[in-house]
Every structure is written in structure tokens, then in C-alpha cells.
Amino acid sequence: MKSEKLTIAGRSLGSRLIVGTGKYPSFEIMRQAHEASGSEAVTVAVRRVNLSDRSKESLLDYIDPKRFMLLPNTAGCYTADDAVRTARLGREAGLSSFVKLEVIGDEKTLFPDNEGLLEATRILVKEGFVVMPYTNDDVVMAKKLRDAGAAAVMPLGAPIGSGLGIRNLVNLTLILEAITDIPVIVDAGVGTASDAAVAMEMGCDGVLMNTAIAGARDPVRMARAMRLAVEAGRLAFEAGRIPRKLYATASSPLEGTPFIP
Amino acid sequence: MKSEKLTIAGRSLGSRLIVGTGKYPSFEIMRQAHEASGSEAVTVAVRRVNLSDRSKESLLDYIDPKRFMLLPNTAGCYTADDAVRTARLGREAGLSSFVKLEVIGDEKTLFPDNEGLLEATRILVKEGFVVMPYTNDDVVMAKKLRDAGAAAVMPLGAPIGSGLGIRNLVNLTLILEAITDIPVIVDAGVGTASDAAVAMEMGCDGVLMNTAIAGARDPVRMARAMRLAVEAGRLAFEAGRIPRKLYATASSPLEGTPFIP
Amino acid sequence: MKSEKLTIAGRSLGSRLIVGTGKYPSFEIMRQAHEASGSEAVTVAVRRVNLSDRSKESLLDYIDPKRFMLLPNTAGCYTADDAVRTARLGREAGLSSFVKLEVIGDEKTLFPDNEGLLEATRILVKEGFVVMPYTNDDVVMAKKLRDAGAAAVMPLGAPIGSGLGIRNLVNLTLILEAITDIPVIVDAGVGTASDAAVAMEMGCDGVLMNTAIAGARDPVRMARAMRLAVEAGRLAFEAGRIPRKLYATASSPLEGTPFIP
Amino acid sequence: MKSEKLTIAGRSLGSRLIVGTGKYPSFEIMRQAHEASGSEAVTVAVRRVNLSDRSKESLLDYIDPKRFMLLPNTAGCYTADDAVRTARLGREAGLSSFVKLEVIGDEKTLFPDNEGLLEATRILVKEGFVVMPYTNDDVVMAKKLRDAGAAAVMPLGAPIGSGLGIRNLVNLTLILEAITDIPVIVDAGVGTASDAAVAMEMGCDGVLMNTAIAGARDPVRMARAMRLAVEAGRLAFEAGRIPRKLYATASSPLEGTPFIP
Amino acid sequence: MIEIVVNGRRRDVDPGLTLESLLAALELPPGRVAVERNRRVVPHGSFATEPVEPGDCFEVVTLVGGG
Amino acid sequence: MIEIVVNGRRRDVDPGLTLESLLAALELPPGRVAVERNRRVVPHGSFATEPVEPGDCFEVVTLVGGG
Amino acid sequence: MIEIVVNGRRRDVDPGLTLESLLAALELPPGRVAVERNRRVVPHGSFATEPVEPGDCFEVVTLVGGG
Amino acid sequence: MIEIVVNGRRRDVDPGLTLESLLAALELPPGRVAVERNRRVVPHGSFATEPVEPGDCFEVVTLVGGG
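Protein chains in written order, with my numbering: chain A, 6 to 266; chain B, 6 to 266; chain C, 6 to 266; chain D, 6 to 266; chain E, 24 to 90; chain F, 24 to 90; chain G, 24 to 90; chain H, 24 to 90.
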């Protein structure tokens, strides 16, 4: 049975929205967007320190660790081995055993390499990580990841950064029907508020996004839009929508219409 | 230039959501749903009083006139003449010159009879009504209604009560480009929260719905979902969404990826 | 009861595809495309002769009157009066009482002015024309045109020349259910072969197109594609497609699977 | 460079449509549908002979081996090992080294188990099979199968037998851009003629279907519809469709419009 | 008695009524209804003086739930 | 000379022309055109007898490519 | 008699059979079937010489309709 | 001097360093970085004792913005 809140490996979050930290116009705008988003978990990347230029401000100065859970990712890793090593470094740097696991299989689409992803999941689960794998919308893979011990499955809605929304409602529905014991979080593809609402209305447990907020003309405003959209979609899911019908049904009563002789 | 708020004939409303009063399980649930919706305008129908059974509770006991603007409709009218007479009665009963004007052309679909609608609009505008016509998604008709003095145009997204959402984004886009001096309000067809968000993201000035809320399993919760969805969609419209692209764009930096020899 | 063939006002055509004569790279390519399309009816426009330059080849030298029925249109007319006059001239020039009636209401979208269209239909029907009105996908207007004596109704699928296909399957379905005594022909919007197939699968009696063929990189090949697509769609409509289901159904038998101990 | 014909491992087929042999009302109707489809390759399943009832007519009496290439499948196999053994039996029974390779990962959706599929592909390629794997619409997996020596990749459009058409045009586009050296054949999901046309218009090399024909009310007629739809879609792909635009473009000339003073 | 039509049904009422007294006879609270007499709306302010005459056709409506 | 309008442009022509001779003067083959005189279509059979009078307004059209 | 398994079911057959004679005993036309013996496909050309031994496990399959 | 690799680049450092002193030499605040030595993560608590030896391969990373 799924919880009232988004709960990953026993950790409950006050929001079903997870946001990224990349590509903002500035750290300050990022900070305000995080605030507006209502989120309590943010993804971060693990990158080599720049030994020739240490002047850069630190991302972490703009993230309140009391408010936000850090979710290091393994973005940019093309093998299970790289992803595992990156995850370990991320745990040490972020002081968190949560990892957004990515093993990329194709540079142009950034689609996951599911074989490598599954292998890395198995290794990291054994090492005590809370593994949240970024995968595609394949129900068979979702079940394998779950069986391998993933704490959530995170199917993409569309290519990372594409803003194309959820392209395959059928596949996502099949995943939601099959995966009922751990959260299903749509990761990647959301372009605007209604995309997030759609995901939540289908019954997803959460939505993860970065570019849709960071790349909007006004990221702070879009962050607020996403917060509301995720809440709206979740409420609509819980409220039970009306069935779709081809024909009209009057919303005003037929009885008592004036002027009928 | 359109206003920051939904403003109809000079009257500004605190919400871009207009809700109906029909088909609720009870007046009390309706009252709570209205409250949860954040709306400040509600549609009502004009019907003959029941002379043989006066025991029924009155709808108006459940609508606070200080908070909600009454918007009598002409639902059920199949001729311009019936609609005009109903509008006049509605004005006298509701003490408001606003009218949601309907002239129905087909019983099965409840699509508007645009000829009759235009005729009734002309008559009522002359009589000082604030006319908000329910029409289809035809840009030519939208322009004619505007030119006839309508205070807003209200294209349907899909048949009344169908819950099919906005079926033709092209037509609605064409209307929004053509009608920039009075509000464009999607009336009919919304089924769930994301439908409302989509309408607002496209730049609509408001959304009017009844069945989507009243017919939901939990109308109060759905009303709250709709409130948030309309706000989310509006914010996203203002925030400027990212462009859609076929290919992926990494949200984590490529530079500094570990383990590259 | 609708006929086995596309039959308009008693005239049966050997193809359900009607094609235009505008915008081809050359008359010769047009002739070949007409041939490849299998069509037996072509639309033509009525325009002033050029008094200062009579050197132009004539369109009619490239259309075999024994094979193709001429269907003069009233394209470019913005009033019922202009459309009626143009129809009369077209009849005299084309020696045919068939008219593709257009009354345009908006320059940018070329959407019909349905009021003017209905008025012109009534006038021309009285004068013995076989009126085939280009209208939008409004079931109420379709019924009025039918009742006014139109020999077919021709709803648009999308704006003329847009290539957007059939944007609103709901509206077209509603028209097809309401109009069963005269042909429903999708006019405008088709972009490629599958668009034409979709129209026919829904049960439309015919499809009319110009730009999709004339504007293709290889118009003759596209004409052949359209011919096949219209036939394919019609056959599929008649053959009765399988129902849509969310889940899979094996097409190979479950019984007798090898290796089960 | 792809060939003018559908060519798999050097074998050219006279049709881009591959059809199944399951679920027909009778073998005789199957035979007629095969004839009407124009196809030159048919899939067959490998099943245990019924030792207690040998009276059944044989499928093979209804398939002319001179006209149709047999394509044994491994439907019903849930492991690479079962699939490999079934493929070997199919080769011996069908006297053909072509195999439609299926390794199923989920009973409800019949989605492929891509891990097992890849493993079986590698084994069978080594044994000289011409492997045509049924997979999902994952570009990363498509590339791996190609690299493993598959002679074609066959992504599903939607669940087998669902008739939902091609649910994710984005994913199929990405596959078509990535796989240019071997055929891409949509396998599963087609429901009606326009679905097949869409696949071909996108540039697919072929379409494989069973239920859409066998399950139609009139399978023979639907087979003919599919034949024409596949040809239409291919021609449209080659002909180069017009671009999609939001606004209208007149197909009749603006110049020379009558009645302008 | 005179015959009038109220909401599509014939009804016999006493002669000499005003609209106000007619509504009272019908037990309808005047504040909640709107009335059309012979296709013309009667303003609330005129209920007390609006006569009820033989053959009159009244529509007495109120606001109900609608969309 | 008399003044007429053809296709929206003024033009001076000899008096006493018929529509047929007007078209000949304009070098237009009568079989391919349709003509409206003062908002009334002139049937092809009447070209020889239809007069051309001062102030007449003609539309001379033909069929061209269209959709 | 020796015990073998054919298509998942135990079956007692005479000792000394070949695959060919086994199929004949089962009334199966050899041209239409493919056979796996102990997880190894037996080519049609070897049916006459392939022995049937105690504990053998056979899969005898044919092609049927499928998608 | 001994040769080591830091973040993919060769670098000569004094012999006898610990990881802590290496980071100090590189002017990196130890609290913000994570370090892998020869493919094994070094816990923060071991920085002071982890030796730096000839041929060592270090990855020194930090958290940056990502999605």
C-alpha cells in the first residue's frame, strides 16, 4: 500500500516534486525556485573539482541541508562501473546514501542503458544505497529494477530536456499497474505544468524535473507552477475524475425549462 | 491589453476559475466545493418554480452573494427568443446583468446554434447585458460575437459534460490569437485538472466548468485540484515554458565528468 | 442509406478522392498527378481573365472532361453575394451545376463564414445548383446545411493548406453520426496519406485535397499514395477493425508451448 | 543505404507487409487474406504436436511455400534458452533460418525481456540464423541488437493484439534515425490501416501484423486494406509530404478574384 | 373566477388579483422568483400593481443549480 | 466611344458592340470564358445578341487552378 | 518396454526403436515435424538412425498459426 | 618528487604526503570534496592517514548543479 506522502525507503517527503540544480541562470535564482517549488529533495551531479580555477561559488552554499535532501546523480556515466564509482563518490560528498542512478546508453537521446542500469542497481543495493534508477517506460525493466532492490523506479516521460511531456500514456499506465510497492516517479520529459499534472493524475507517486524549471523564462514562477500542478494532479487522482464520454450531458436540469407550452 | 486578473466588462475576479452549481450530491457539498475552488463566480440556471412542491431547499441559501457573482445561464434554450427571455428573467432573479448565454443547436451534443447565439447576443447587448456566450471553437464566430458586443467569448473544449478535455488545440490557439481585447474562457469539456492547466497554459483568460467538479467522486477535493491547476497553468503561461525538442539535452554538465583518462 | 460509391446528387464517382488543380509545379505534373490519383472530380477556381496577358496556357487543356467532373469553387469570396455570383459564373464556365461553395470568414485561417455559407447555400439550391459547402466541423451547421439542401457537407479537418490532418476526431464523429443521408467529405487539412486513411476509416464518404498533393516534393507519387490511402481507409472501415485494448493478447496459441515439463 | 525493397539479410521481398497465421476464423479465410495482403512472408509458431488428436488440418497445406517465406517465431518463450531451442526447432520444421525472435518478459503486456532477447540474439546469430527480434521502442536496445548481428529490429508500436497503433512517435523516430543499416519493422500494435500507413510514412522499412487482420470482422478485406495502406505510407514517405503549418494557405490563387472594384 | 396560465398550466384564480397577491396565493416568496407576464418581465418593484387579467400567461421562475 | 468597365477597369470601346464582338476585340475565345454583365450572368448562347451599353460593368472570368 | 518422455508426458515404448520408427508408432508424418532429443535438435536426415533410449526426452513440434 | 594522477592529469608532488596534505597543497577544502584513490573511495575520516604513493590515481570530485 502506498503512503499518503511520497516515501522512499522509509523517508517521507513533504512534496511529491523533486527538482534539479542544473542550468539555472544563477544560484540565487535557483535558490528562489527551490523555495517556490515546495520540494524537499534536489538532485545534484558529481563532477571533478576544477584544480586550475577554484574561484567558483559552491552550489551547496545555496541549498539548505535542513530543508532539502540531496540526491546525487550519476549523470554522464555510460557504464555500470562508472555509475557505481560515481555513486560512491556522491555518497561521500553528499553524506546521503540516496542516489539517482543513471547509466546512459546513447549520447543523442540520453536514453538509459538498462542492462548496465540493472547491474549497477544490484551492486549499489548490496552496498546499502537507496537506489532510484532513471529508466525508460518499459514495464519489464521496471519490474526487474524493483526486484533488484530499487527504492523507486523512475521512467522517463520523454528525452531529458526535451519538454515533450509524457509521450506514452499506455506504457506508463502499465508500469503503474505493475509497480505498486515502491514509488513510480516520472523523471525527464516534463515541459510545462500540465505535463506534471498528467503524471500525477495517472497515479504516479512523484515527478522529477530540472530543465522545465531551470530553462523557463522565469524559473521561479515556473517552479511555483510546478508545485501547484503536482498538487493539483495528485488531488485530481485522489478525487476520482468523471468518465470520458463522447456525448454531452447537460449540467443544468432539463426539468422546469421555461416557455414550454 | 489583458488584465492581470480575469476582468469581464470591468469587473475583476479574484480567480480565473468559474464554477457551476448543478449536479452536486448535495447543496452542502456544493458549498464546500465552491469554497475549495477559490472561484468568485458561479453559474446558475433559470427554471420554473415547482408549484406543486415548494418544499425544496433553495440553492441560494448555499451561495454567499458577497463572495460569489451570480452568472445566470440560458441552458436548455434552443432559440434566440427563448434565450433572450430567459436572460431577462435571470437578470431579474439574480439581480445581475451578467449572463452566460447558451442557444443550443443539437440535443445530443449540446453544441451551440451559433446563428441564434449571435442574434441573442446582439439583442441582449442592446439591453445592457454583459453577455458571455457559450460557443464552439470557431474563430470566425468568436470574432463576430466580439464585434456584436460580447464581454467574453467562451468556446467549448469538448461537449458539455463529456470530460474529453480540449480536443482541438489548433482552433483554440487561433481564437486566442484573434481575440485579444476581451477574455477567452474555455467553457465545457474539462474533465480533470490537467485539462484546466492546458487551457490556461495556452493563454486562456479563464475556465468554466461544472460536471468535472460536481461529478467527481470527491467534488470538494476536485474543486481544490481545479483551483491549483488553473493557477498552475496561468503561472506556467506567464513563466514561459521551455521549447519542445526531439533530442535530449543534458541537465547535468558534461564538463568535469569523472574517470575520463 | 449511403451508396457503395461516392454519390453526390445522384452522380456516382469511381473514386472517393476529389483533388484540386492549384499550386502544381506545372500543368503537366498536375495532369500526371490527376491520373495517378484515380480521382474523377477536380476542383477549379473562377478568376478574371488576364486582359493584358493572354499568353498563358489554359488549365482546361490538361483536364480530360470525359474523365473528370469539374467542380468550380468560390474560393476567395468573403460574402454570400460574391459566392453566389461566382458560382453562377463557374456554372457557365464549367458547364456543370456542381459547386464547391466557400464563403470565407477570416483571411488568416480561411475558416468559413457559416452564416454567409448557409445563406448562399439556400440561394444556390433554389437555382438548381448541386451545392457542396466547405464548412467547419460543427455538427449543428452540418445539419443546417443539409436541411438547406446541400448535396454534401464538407467539414475541414484543419486549416486549408496546413497539413495538420484531422484535428478533432470527436467533432467529425459527431457529424458522421448526424449526417447519414448525404455524403460527408473531409475538405482541407490533409497533409499525408495516413490523414486521408483516418478520415475514411471513420466512415467519411470522401476526401478532398489540393495542397497535400500539389505541394509534395513529388506530387505524382503523393497522388498515388492518396489514392491507395483512401481505398485502404475505406476498406478498413468496411472490414471492421479490432477493438482497442490496453493489454496484450497473444497471436500465437498458448496451448502446446514446448519445454513445459 | 536502404534498398528499394524490404531486404532482410540479402533476401528481398515483394511487399513491405509481413503477416501472421494465427487466430483466423479458418485456414481458408487465412489463405484468402494472405493472398489479398500481397505479403511474401508469414510468421508461424512452433508448437508440440497433439499426440492424442492428429486429425487437425495442417496450417502448411494453406501456405504456398513458393510464394511465402516462412518466419517461425518463438512466441511464448520466457527465457533465452527456451527461445533458442524453439528457434532451432523452427528452423528444422520450417526449413528456413529466419526467425522472429521473441523472449517475453511479462504475461499481461507480452513486452519483451530485452536482456534475454539480446542473449538469444547473440547465440542464434552465431549459429547462422537470420534473427529478427521483437523488441520495444528503445533506441539503446535497438542499437545493441543491431550490433549483436540482428538482421532487422522490430520495435512494437503498442502491446501485441492491442490495436492501439504507434503510441510513441518520438521513440520510433529516434530508432529510425539510429538504425540505418538494417530494416526497422514495426511489429505489434497496429489496429487499422492508418496505423500501418503512419509507420511507413515515418520511414519504417516494413510492418508486421497478425491480429489486426485475423481479428477484423472481414479479414480478407482488412488484409487488402493493409496492403494498400503500407504501399500508400511508403509512397507518401518517398513523395515528401508538405510541412505542417498553423495557418492556412489558399490553394486557389488570390490574384484575379472577381468583383473587386 | 378567471382563467390564466402559470408555467404552462391553466389555472382558475379570483378576479382582481395583483401579481403580488397571486404569488401569495401560490405560496411563493416574491424575493426569490422572477416573473414574466405575457412575455414581458415584471420588475420586482411592480409586483404590487401588476394586474392579473383573464388569459394572462405567467412564467414564474427561480434560480436553480446549473452549469 | 462609350465607357464600360471590364474586370474592374474602365475601358473605352466603340458603340454598338455586342458581347461577342467585345470579346473578339479583347482577343478572348468565347468558349473558355463566362461573362457577367451588370451582375447578371450572360449565357453563352446570348453572346451574339447581348448589347454592350454605356456604363456596363462586365466580369469576364475563366477557370484556373484551385483547390 | 522402456520409459521415455514425449512432449512432457511419460510413455512406455518398445526397446530398440529409432526416432523414425517412434514417429511411425505415434502416427506422425516425419516431414511435418521437428524433433528435439534431450535438448538437441535431430536433423530430418538422421531420423532413421537416431536411437530411442531409456530416459530420453523428446519434443516433437510442428508449425501452427501464430503472429 | 613522485608522479601521481589527479583527475586524469599527471602531477609531480613531494613524497610522503597524506591525502589531507595533498588536498591542502591543491588548496581544496576537504569538507566539500570526495576522493577516490585507485578506484576506492577514501572516507573523510581517513584523509589524514591515507598515504599518497607513486603512481596513485586520484579522483577529487564535488557536487555541482545537475538534474
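Just so it is clear, CB atoms sit at the ideal spot from N, CA and C, and this is done for glycine as well.
Between which two residues does the beta strand (DSSP E) containing residue i stretch?
i: D:E33; result: Unbroken run through D:E33 is the alpha helix (DSSP H), F32 to S42; no beta strand (DSSP E).
i: G:R32; result: R32 to V36
Would you call residue i buried or exposed, if buried means 16 or more other Cβ atoms sit within 10 Å of its Cβ?
i: H:E82; result: buried
i: C:L233; result: buried
i: G:R60; result: buried
i: B:E260; result: exposed
i: B:E45; result: buried
i: D:E9; result: exposed
i: C:D58; result: exposed
i: B:M6; result: With a pLDDT of only 41 at B:M6, under the threshold of 50, the placement of this residue in the model should not be trusted, and no figure is reported.
i: A:E62; result: exposed
i: H:A71; result: exposed
i: H:G31; result: exposed
i: D:S256; result: buried
i: A:S31; result: exposed
i: B:K28; result: buried
Name the two residues that bound the continuous alpha helix (DSSP H) containing residue i.
i: H:G88; result: Run containing H:G88: none in the alpha helix (DSSP H); it sits in the beta strand (DSSP E), C80 to G88.
i: C:F242; result: P224 to A244
i: E:A57; result: Not the alpha helix (DSSP H): E:A57 falls in the beta strand (DSSP E), residues A57 to R60.
i: B:V175; result: L174 to A183
Considering only the beta carbon of each residue, do residue i and residue j sit closer than 9 Å?
i: E:L86; j: E:V65; result: no
i: B:V51; j: E:G89; result: yes
i: D:I165; j: D:I23; result: no
i: C:G196; j: C:A163; result: yes
i: C:A88; j: C:A125; result: yes
i: C:L106; j: C:V136; result: yes
i: B:L174; j: C:R172; result: yes
i: B:A98; j: E:V84; result: yes
i: B:F116; j: C:V144; result: yes
i: A:G121; j: A:A156; result: no
i: A:P188; j: A:T12; result: yes
i: D:D142; j: D:I184; result: no
According to DSSP, is residue i helix, strand or coil?
i: A:E97; result: helix
i: C:S205; result: Strictly speaking, residue 205 of chain C in this sequence is Met, with Ser absent from that position. In the structure shown, C:M205 sits in a helix (DSSP, three-state: H, G or I).
i: F:A48; result: helix
i: B:T126; result: helix
i: B:T114; result: coil
i: D:T254; result: coil
i: B:M6; result: Bear in mind that a pLDDT of 41 at B:M6, under 50, signals an unreliable position, so the number given afterwards is only what the model happens to contain. In the structure shown, B:M6 sits in coil (DSSP, three-state: anything other than H, G, I, E or B).
i: C:V47; result: strand
i: B:D192; result: strand
i: H:E26; result: strand
i: D:I218; result: helix
i: C:L76; result: strand
Does chain I have any CB closer than 9 Å to the CB of residue i?
i: C:A50; result: Here chain I cannot be found, since the structure's protein chains are A, B, C, D, E, F, G and H.
Decide if the stretch 29-38 of chain B is in contact with the stretch 220-231 of chain B; the criterion is three or more beta carbon pairs, one per stretch, under 8 Å apart. The stretch 29-38 of chain B makes contact with the stretch 220-231 of chain B: 3 or more CB pairs, one atom from each, lie closer than 8 Å.
Are the stretch 76-90 of chain C and the stretch 106-115 of chain C touching by the rule of at least three beta carbon pairs closer than 8 Å? Yes, they touch.
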